[in-house]
Amino acid sequence: MRFLMLVISDPELDSTEAPVLTIEDWVRETAESGVNLDGDRLEPPSRAKTVRRRGGQLHVTDGPFAETREVIGGFDILECDDMDHAIRVAARHPMATHGTIELRALWPLDL
């Protein structure tokens, strides 16, 4: 099963718990095991564009659509046996202690 792992930072979170691994070690570990298929950091929301089409009109605005203090800082595509396996992988990421990790199973289109 493939999963999208969103890495979310929260600047107001004050965690003193030490992460299990550094980000570099987590990336190396998951890449070498074949679990991490792809991933990267994201530029800050201030550089984002929001795209909407309403009533035949294209609307492009600067920044994120929603106002929030939490920011998606990166993503990974994981290949795991099941959600429990994906949770074990995500739990080792440093942002599990210093932010939030969101996991979503990919839902392929049947074309």
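Sequential numbering from 1 applies to the sequence shown in full-length UniProt numbering.
Virtual Cβ for every residue (Gly too), placed ideally from N, Cα, C.
Comparing alpha-carbon positions, which option in the options lies nearest residue i?
{"i": "VAL7", "options": "PHE75, LEU109, PRO19, ALA105", "result": "PHE75"}
{"i": "ASP82", "options": "ASP62, GLY73, ILE101, LEU106", "result": "LEU106"}
{"i": "ALA48", "options": "ASP84, GLY73, ALA90", "result": "GLY73"}
{"i": "residue 140", "options": "ASP84, ARG54, SER15", "result": "This structure cannot settle anything about residue 140, because the visible part of the chain is limited to 1 through 111."}
How about residue i and residue j: are their beta carbons less than 8 Å apart?
{"i": "LEU42", "j": "LEU78", "result": "no"}
{"i": "ARG88", "j": "TRP26", "result": "no"}
{"i": "LEU13", "j": "ARG104", "result": "no"}
{"i": "PRO108", "j": "VAL71", "result": "no"}
{"i": "LEU21", "j": "GLU32", "result": "no"}
Among the residues of its own chain, which have a CB less than 8 Å from the CB of residue i, if the five just before and after it don't count?
{"i": "GLY34", "result": "GLU79"}
{"i": "GLY39", "result": "MET5, VAL27, GLY74, PHE75, ASP76, ILE77"}
Please work out which residues of its chain come closer than 6 Å, Cβ to Cβ, to residue i, disregarding the five sequence neighbours upstream and downstream, and give them in chain order.
{"i": "ALA86", "result": "PHE3, LEU78, CYS80, LEU103"}
{"i": "ARG52", "result": "HIS59"}
{"i": "THR61", "result": "THR50"}
{"i": "PRO19", "result": "PRO94, THR97"}
{"i": "GLU17", "result": "THR97"}
Go through the UniProt domain "YCII-related" (1-109) residue by residue and report every complete run of the alpha helix (DSSP H) that reaches 4 residues or more, in order.
-> 23-33, 83-91, 95-98
Determine, using beta-carbon pairs with one atom in the segment 5-25 and one in the segment 89-100, whether at least three such pairs fall under 8 Å.
-> yes
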